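Its first residue numbered 1, the sequence shown is counted upward by one per residue in the numbering used here.
First the structure, in the form of structure tokens, and then the observations on it.
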Amino acid sequence: MKSKRRMPGLSTQILIGLILGAVFGYFFPEIGKNLKPFGDGFIRMIKMIIVPLIFSTLIMGIAGTGDFKKLGRLGGKAIIWFELATTVALFIGLVVMNIVHPGVGVNISVSADAGAQAAEAAHKTVNMVDYVLSIIPTNIIDAFARSDMLEIIFFACFFGVGVAHIGKGGEQIVSLCRSVAAVMFKVTGYVMSLAPIGVFAMIAYTVSSFGIGMMIPLGKLILSLLFATLLFVVILLSVASALTHVNFFHVIKAIKAALLLSFSTASSEAALPIAMQHLEKLGISKSIVTFIMPTGYSFNLDGSTLYSSAAILFIAQIYGIPLSIGQQLLIMVTLMLSTKGIAGVPGAGFIIVAATATAFNLPAEGVAIILGIDRILDMIRTTCNVCGNCVATVIVAFWEKDITKESFQKAYTENFQLASNPKVH
Numbered sequence: 001m002k003s004k005r006r007m008p009g010l011s012t013q014i015l016i017g018l019i020l021g022a023v024f025g026y027f028f029p030e031i032g033k034n035l036k037p038f039g040d041g042f043i044r045m046i047k048m049i050i051v052p053l054i055f056s057t058l059i060m061g062i063a064g065t066g067d068f069k070k071l072g073r074l075g076g077k078a079i080i081w082f083e084l085a086t087t088v089a090l091f092i093g094l095v096v097m098n099i100v101h102p103g104v105g106v107n108i109s110v111s112a113d114a115g116a117q118a119a120e121a122a123h124k125t126v127n128m129v130d131y132v133l134s135i136i137p138t139n140i141i142d143a144f145a146r147s148d149m150l151e152i153i154f155f156a157c158f159f160g161v162g163v164a165h166i167g168k169g170g171e172q173i174v175s176l177c178r179s180v181a182a183v184m185f186k187v188t189g190y191v192m193s194l195a196p197i198g199v200f201a202m203i204a205y206t207v208s209s210f211g212i213g214m215m216i217p218l219g220k221l222i223l224s225l226l227f228a229t230l231l232f233v234v235i236l237l238s239v240a241s242a243l244t245h246v247n248f249f250h251v252i253k254a255i256k257a258a259l260l261l262s263f264s265t266a267s268s269e270a271a272l273p274i275a276m277q278h279l280e281k282l283g284i285s286k287s288i289v290t291f292i293m294p295t296g297y298s299f300n301l302d303g304s305t306l307y308s309s310a311a312i313l314f315i316a317q318i319y320g321i322p323l324s325i326g327q328q329l330l331i332m333v334t335l336m337l338s339t340k341g342i343a344g345v346p347g348a349g350f351i352i353v354a355a356t357a358t359a360f361n362l363p364a365e366g367v368a369i370i371l372g373i374d375r376i377l378d379m380i381r382t383t384c385n386v387c388g389n390c391v392a393t394v395i396v397a398f399w400e401k402d403i404t405k406e407s408f409q410k411a412y413t414e415n416f417q418l419a420s421n422p423k424v425h
């Protein structure tokens, strides 16, 4: 029997778009620079989905149980894993940079504008008290308009418990949220069909604007960060596999489309809807996925914390400033605290690296050297952030007994393994 030719899967289409975009940007740089609006349009369409999707699914999950204790338990278990993961990420960043020494021998001039920008950033601080208070919204409509996930989650938790406690009167609200979530997942499918085009445009713009040559002088830093990130992911997956007795590399296969999307767009938000969908296909309940994933995007930025520790040591190596083991451990503790919640502060990653460098008597102007390749570094750390949050969600689901080894394997086999290798009769 003659079989129909199957269309490549979404992850394959995204990968093709990424490769073609890089080639196009290299050979046609003038045209590639003009493709940015197409990539930006795709990112904006993704962002328009996130708020109604997360709010509606979170209300469904919370109102379905009305269990505030469960919510607190979820948060507590998530924080334990978040702290473990980010500590390991910081440690690996420091170790790899101490072994490879990518900053030694780098001699790149810093423009006056870049130097001034770095110096200005060094004097800014991310006030953690103000940040914690900012989680409580004074105007939920304003929070929706700004897509402030933590404020939305905070309000949704209280709103969901309130809906559950009014009994039958809340059933209509839950039903409405269920319908909104179904519609938004359908819209997500429509938008994701444009992902290969959006990825093509973003990569073509990146390569044509910055060029392949930008990576050569700082190639050691890029390769060092890439190696450290891969090492961290392998360790993370190995620990998670040991704790749950399931193969977490299957999780990577399940979310590969989200990882490719986050890498090519350097945007965690772009990968959020598709990552949530695929995690639910692994059998994880909506209530856990919609609570852990957005929270993790503010408190579990493994890639960003690893990058921060690597960047500080890179600056020290550029200027030939030795840092003792004690100083490096102190830097690690400082970054462990200061990197919490940096997703909610525009440009905070840059600010934190510059401020930490200054605090340890390192020239903040060294951060300006990294700016030239920050787009490439951002692609690496963003992909790590998405991966870390997906792993955290699965781990918490196992700890909550939301899924078991058997149910996970069954869901993976049916929705990913068999789906990618259908039998032809």
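Where a beta carbon is used, it is the ideal one built from N, C-alpha and C, also for glycine.
All figures in this text were calculated on a predicted structure; none of them were measured in a lab.
Could you give the distance in angstroms between the alpha-carbon of VAL96 and the alpha-carbon of ILE222? Taking the sequence shown and counting its residues from 1, one reaches residue 96 at position 96. Taking the sequence shown and counting its residues from 1, one reaches residue 222 at position 222. If I take the Cα positions, the gap works out to 12 Å.
Going by the CB atoms, is the gap between LEU260 and PHE42 shorter than 8 Å? The sequence position of residue 42 within the sequence shown is 42, counting from 1. The sequence position of residue 260 within the sequence shown is 260, counting from 1. No; because the gap between Cβ atoms is not below 8 Å, this pair is not in contact.
Among residues of its own chain, excluding the 5 on either side of SER241, which ones have a beta-carbon nearer than 8 Å to its beta-carbon? Translated into the one-based positions of the sequence shown, residue 241 becomes position 241. The residues are ASN247, PHE248 and PHE249.
Under 8 Å by Cβ, that's how I've got VAL163 and ALA310 pegged, so tell me the actual separation to the nearest angstrom. In the sequence shown, the residue the question calls residue 163 occupies position 163. In the sequence shown, the residue the question calls residue 310 occupies position 310. Wrong, their Cβ atoms sit about 45 Å apart, outside the cutoff.
Got a sec: does the ligand ATP put a non-hydrogen atom nearer than 7 Å to the Cβ of GLY93? Judged by which ligands are present, the structure shown has none, so any question about the ligand ATP falls away.
8 Å contact criterion, which ALA257 and ILE14 should meet: CB distance rounded: As a first step, residue 257 is located in the sequence shown; it is residue number 257 there, counting from the start. As a first step, residue 14 is located in the sequence shown; it is residue number 14 there, counting from the start. With a Cβ gap of about 6 Å, ALA257 and ILE14 count as contacting.
I'd like the list of long-range same chain contacts for VAL233, defined as Cβ closer than 7 Å, with 5 residues on each side in sequence excluded. As a first step, residue 233 must be located in the sequence shown, where it is residue number 233. Taken in chain order, the residues that qualify are CYS384 and CYS387.
Determine whether the beta carbon atoms of ILE19 and PRO196 lie at a separation below 8 Å. Within the sequence shown, residue 19 is the residue found at index 19, counting from 1. Within the sequence shown, residue 196 is the residue found at index 196, counting from 1. No.
Reduced DSSP secondary structure (H/G/I, E/B, other) of ASN300: In the sequence shown, residue 300 corresponds to position 300, counting from 1. If DSSP states are grouped into helix, strand and coil, ASN300 belongs with coil.
Within this structure, are the beta carbons of SER208 and LYS410 separated by less than 8 Å? Your numbering for residue 208 matches position 208 in the sequence shown. Your numbering for residue 410 matches position 410 in the sequence shown. Result no, Cβ atoms of SER208 and LYS410 do not sit closer than 8 Å.
Quick one: using the 10 Å Cβ neighbour count with 16 as the cut-off for buried, is GLY198 buried or exposed? Numbered from its first residue, the sequence shown carries residue 198 at position 198. By the 10 Å Cβ count, GLY198 comes out buried.
What's the C-alpha gap between ALA228 and GLN277? Position 228 of the sequence shown holds residue 228. Position 277 of the sequence shown holds residue 277. Whole-angstrom Cα-Cα distance: 28 Å.
Need the endpoints of the alpha helix (DSSP H) that VAL251 sits in, please. Reading the sequence shown from its first residue, position 251 is the one you call residue 251. Run containing VAL251: 249-254, per the alpha helix (DSSP H) assignment.
What ranges does the alpha helix (DSSP H) occupy inside the segment 155-217, keeping only unbroken runs of at least 4 residues that lie completely in it? 171-192 and 195-210
Within 10 Å of its beta-carbon, does ALA89 have 16 or more other beta-carbons around it, so buried, or fewer, so exposed? The residue you call residue 89 lines up with position 89 of the sequence shown. Classification for ALA89: buried.
Would you mind sorting VAL289 into buried or exposed? The rule is 16 or more other CB atoms within 10 Å of its CB. Stepping through the sequence shown from its first residue, residue 289 is reached at position 289. VAL289 should be labelled buried.
Mind checking TYR412: buried by the 16 CB within 10 Å criterion, or exposed? Locating residue 412 in the sequence shown gives position 412, counting from the first residue. TYR412 comes out buried.
Can you have a look at LEU335 and say buried or exposed, based on whether 16 or more other CB atoms are within 10 angstroms of its CB? For the purposes of this step, residue 335 is taken as residue 335 along the sequence shown, with counting starting at 1. Buried, by the Cβ-count rule.
Start-to-end residues for the alpha helix (DSSP H) that takes in TYR26: Start at 1 with the first residue of the sequence shown, and residue 26 comes out as number 26. It spans 10-27 - the alpha helix (DSSP H) in which TYR26 sits, taken as one unbroken run.
Measure the Cβ-Cβ separation of PRO273 and MET149 and say whether it is below 8 Å. What you label residue 273 is simply residue 273 of the sequence shown in a count that begins at 1. What you label residue 149 is simply residue 149 of the sequence shown in a count that begins at 1. Against a cut-off of 8 Å, the Cβ pair of MET149 and PRO273 comes out as no contact.
Delimiting residues of the alpha helix (DSSP H) encompassing ASP142: The count along the sequence shown starts at 1 and reaches residue 142 at position 142. 140-146 is the span of the alpha helix (DSSP H), which, as asked, contains ASP142.
Short check: CB of ALA392 to CB of GLY296, under 8 Å? Counting from one through the sequence shown, the residue named residue 392 turns up at place 392. Counting from one through the sequence shown, the residue named residue 296 turns up at place 296. Yes, Cβ-Cβ distance for ALA392 and GLY296 is below 8 Å.
Thinking C-alpha only, which one of ALA266, THR305 and ILE54 is nearest VAL183? On the sequence shown, residue 183 is found 183 positions in, with the first residue counted as 1. It is ILE54 whose Cα lies nearest to the Cα of VAL183.
To which residues of the same chain is THR269 closer than 7 Å at the C-beta, ignoring the five residues directly before and after it? In the sequence shown, the residue the question calls residue 269 occupies position 269. Note that residue 269 corresponds to Glu in the displayed sequence, not to Thr. Closer than 7 Å at the Cβ level, and outside the excluded window around GLU269, lie ILE46, LYS47 and ILE50.
Element boundaries [alpha helix (DSSP H), containing GLY219]: Indexing the sequence shown from 1 puts residue 219 at position 219. That run of the alpha helix (DSSP H) goes 219-244.
So what does DSSP say about ASP402, is it helix, strand or coil? On the sequence shown, position 402 is the one that residue 402 refers to. Residue state, collapsed to three classes: coil.
For HIS101, report the span of its alpha helix (DSSP H) as first-last. What you label residue 101 is simply residue 101 of the sequence shown in a count that begins at 1. Segment: none, HIS101 is in no alpha helix (DSSP H) and carries neither H nor E.
Exposure of SER238, with buried meaning 16 or more beta-carbon neighbours within 10 Å: Locating residue 238 in the sequence shown gives position 238, counting from the first residue. Looking at its Cβ environment, which holds fewer than 16 other Cβ atoms inside 10 Å, SER238 is exposed.
Nearest-angstrom Cα distance between GLY115 and LEU176? In the sequence shown, the residue the question calls residue 115 occupies position 115. In the sequence shown, the residue the question calls residue 176 occupies position 176. Confidence at GLY115 is low in this model, with a pLDDT of 48, below 50, so the placement of that residue should be treated as unreliable; the coordinate-derived value is given next. Distance between the alpha carbons of GLY115 and LEU176: 52 Å.
Going by Cα to Cα distance, which pick from CYS157, LEU243, PHE299 and GLY61 is closest to ALA181? Position 181 of the sequence shown, counting from 1, holds the residue named residue 181. Ranking the options by Cα distance to ALA181, first place goes to GLY61.
Taking the straight line between their C-alpha atoms, what separation do you get for ILE395 and GLU30? For this step, residue 395 is matched to residue 395 along the sequence shown. For this step, residue 30 is matched to residue 30 along the sequence shown. Looking at the two C-alpha atoms, the distance is approximately 46 Å.
Check the C-beta distance from GLU455 over to LEU74 and give it rounded, since I have them as a contact under 8 Å. It is not possible to answer for residue 455, since the shown part of the chain is limited to 1 through 425.
State buried or exposed for PHE155, treating a residue as buried only when at least 16 other CB atoms are found within 10 Å of its CB. The sequence position of residue 155 within the sequence shown is 155, counting from 1. Result: buried.
According to DSSP, is SER134 helix, strand or coil? Within the sequence shown, residue 134 is the residue found at index 134, counting from 1. Of the three classes helix, strand and coil, the one that applies to SER134 here is helix, per DSSP.
Below 8 Å between beta carbons: does that hold for GLY167 and ILE59? Position 167 of the sequence shown, counted from the start, is the residue given in the question as residue 167. Position 59 of the sequence shown, counted from the start, is the residue given in the question as residue 59. No, the Cβ-Cβ distance between GLY167 and ILE59 is not below 8 Å.
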